[in-house]
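Data block below; observations after.
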Amino acid sequence: MVKFQFLLPVDGSDYSRVAVKHAIRMAEMYNAEISPIYVVDTRAHTDAKEIEEDTAIGQALIDDVQGQCKSHGIGVLEARVLAGSPYNEIIKEQKRIDASVIILGAYGAERAEGETIGSTAERVLRGARCHILLVRDKLENDQFYGNVMIPSDGSIDAGYAATFAASVAHRYHANLMACSMIRTGSKKDMLEAGQITDDVVALGKSKGIETGTLIWEGKPAVEILKAVVAKNIDLVVIGYTGKGKVSRWVLGSVSEKVARTAPCSVFVVKSALVERVYTVKEN
Numbered sequence: 001m002v003k004f005q006f007l008l009p010v011d012g013s014d015y016s017r018v019a020v021k022h023a024i025r026m027a028e029m030y031n032a033e034i035s036p037i038y039v040v041d042t043r044a045h046t047d048a049k050e051i052e053e054d055t056a057i058g059q060a061l062i063d064d065v066q067g068q069c070k071s072h073g074i075g076v077l078e079a080r081v082l083a084g085s086p087y088n089e090i091i092k093e094q095k096r097i098d099a100s101v102i103i104l105g106a107y108g109a110e111r112a113e114g115e116t117i118g119s120t121a122e123r124v125l126r127g128a129r130c131h132i133l134l135v136r137d138k139l140e141n142d143q144f145y146g147n148v149m150i151p152s153d154g155s156i157d158a159g160y161a162a163t164f165a166a167s168v169a170h171r172y173h174a175n176l177m178a179c180s181m182i183r184t185g186s187k188k189d190m191l192e193a194g195q196i197t198d199d200v201v202a203l204g205k206s207k208g209i210e211t212g213t214l215i216w217e218g219k220p221a222v223e224i225l226k227a228v229v230a231k232n233i234d235l236v237v238i239g240y241t242g243k244g245k246v247s248r249w250v251l252g253s254v255s256e257k258v259a260r261t262a263p264c265s266v267f268v269v270k271s272a273l274v275e276r277v278y279t280v281k282e283n
């Protein structure tokens, strides 16, 4: 059986270290291999000695990740220190190893005050052709996901995201919250939103997951972010593209805003490679 490939860019930051833990745990859950990479940013280093020193730092980080993977019985497909633009190298490496998921900290080693997402993470969010897990939590007491939210507009990507959210909730023994936002309080919108959340509840029930529902009126991204705080959500699983060819909920613009600004980790499901987000065998 071909294993899933998780690409894990690391930079030594606090959030990157937590992302390593998330990657290892998810690899255990989904029988995946991990490929850690460190990118020496040649835009920031022009001196040969600086590049050499940063390369050594990167190799030490990669060696540490390999050691952690080995101790958990996780296979490592490749482990590389690369040089160039972090975004470009991450995208090239994802294509080269055909990774299903990129797992990375939402912030880098140099986080500016008030920054909600690092520049590299934001570019990866928009440019990658695979699923993305942006890690924000501090993983206190090694607690992963207790409450998982799936915002849905009934689109194809949202449906894929709901299936994966239910899978995650099942494997992590988490609660699931089905969330649908409506722009108006019309009866038609309410009925449609109710059907969307009912479908997720049925999906959760089939896996024995406690599933709640939430329907709010307002701007989707704003209301989703409010709900994340109100419901103490640990992970948002959201489809990247919503209904319509032009509109992205219009889900792309909504998913990007949620991914950029949510206070918790966010898993963005993209329709490309979507069939490979699941494992064959359910636990």
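Heads up, the sequence shown is in UniProt numbering, so the first residue is 1 and it goes up one at a time. Idealized CB from N, CA, C, for every residue including glycine. Remember, predicted model here, so these are calculated numbers, not experimental data.
Among residues of its own chain, excluding the 5 on either side of Y172, which ones have a beta-carbon nearer than 7 Å to its beta-carbon?
F144 and Y145
Cutoff 6 Å; reference G118; Cβ partners in own chain excluding five residues on either side
Y107 and G108
To the nearest whole angstrom, what separates the beta carbons of G239 and I215, a pair I think is in contact under 8 Å?
G239 to I215, Cβ: 18 Å. No contact.
Count the other C-beta atoms from every protein chain shown that fall within 10 angstroms of the C-beta of G244, then say buried if there are 16 or more, exposed otherwise.
Low confidence applies here, because G244 scores a pLDDT of 47, under 50, leaving its location unreliable; read the following figure in that light. With fewer than 16 Cβ atoms within 10 Å of its Cβ, G244 is classed as exposed.
Apart from the five residues on each side of it in sequence, which residues of its chain come closer than 8 Å, Cβ to Cβ, to R126?
E256
Could you check whether the Cβ of T120 sits closer than 7 Å to any heavy atom belonging to the ligand NAP?
Looking for the ligand NAP in the displayed structure turns up nothing, as the structure carries no ligands at all.
Select from L176, G73 and A178 the residue whose C-alpha is nearest the C-alpha of M29.
G73
Classify D63 as buried or exposed, calling it buried when 16 or more other Cβ atoms lie within 10 Å of its own Cβ.
exposed
May I ask you to report which of helix, strand or coil DSSP gives T46?
coil
Among A169, P86 and V135, which one has its Cα closest to the Cα of V258?
V135
V124, DSSP secondary structure in three states:
helix
Which runs of the beta strand (DSSP E) spanning at least 3 residues fall entirely within the segment 82 to 114, listed in chain order?
101 to 105
P263: buried (16+ other C-beta within 10 angstroms of its C-beta) or exposed?
exposed
What runs of the beta strand (DSSP E), each 3 residues or longer, lie entirely inside the UniProt domain "UspA" (145 to 270)?
147 to 151, 175 to 182, 211 to 217, 235 to 239 and 265 to 269
Please tell me whether T42 and V81 are closer than 8 Å, where the distance is taken between their beta carbons.
no
Whole angstroms are fine: how far does the CA of T213 sit from the CA of S152?
11 Å
For E28, the three-state DSSP class (helix, strand or coil):
helix
For the beta strand (DSSP E) that contains L134, what are its first and last residues?
H131 to V135
With burial defined as no fewer than 16 other Cβ atoms inside 10 Å of the residue's Cβ, what is the status of T241: buried or exposed?
buried
Starting from Q143 and walking both ways along the beta strand (DSSP E), at which residues does that stretch end?
Careful: Q143 lies outside any beta strand (DSSP E) and carries neither H nor E.
In this structure, how does DSSP classify I74 when only helix, strand and coil are distinguished?
coil
Burial state of L191 (16 or more Cβ within 10 Å)
exposed
State buried or exposed for V236, treating a residue as buried only when at least 16 other CB atoms are found within 10 Å of its CB.
buried
Distance check for M149 and K95, CA to CA, integer angstroms please.
29 Å
Just to confirm before moving on: does the CB-CB distance between I90 and L77 stay below 8 Å?
no
Would you mind stating whether R260 and T116 have Cβ atoms separated by less than 8 Å?
yes
Going by DSSP, what residues sit across from I34 in a beta bridge?
F6 and V76
Distance CB(Y15)-CB(G105) smaller than 8 Å
yes
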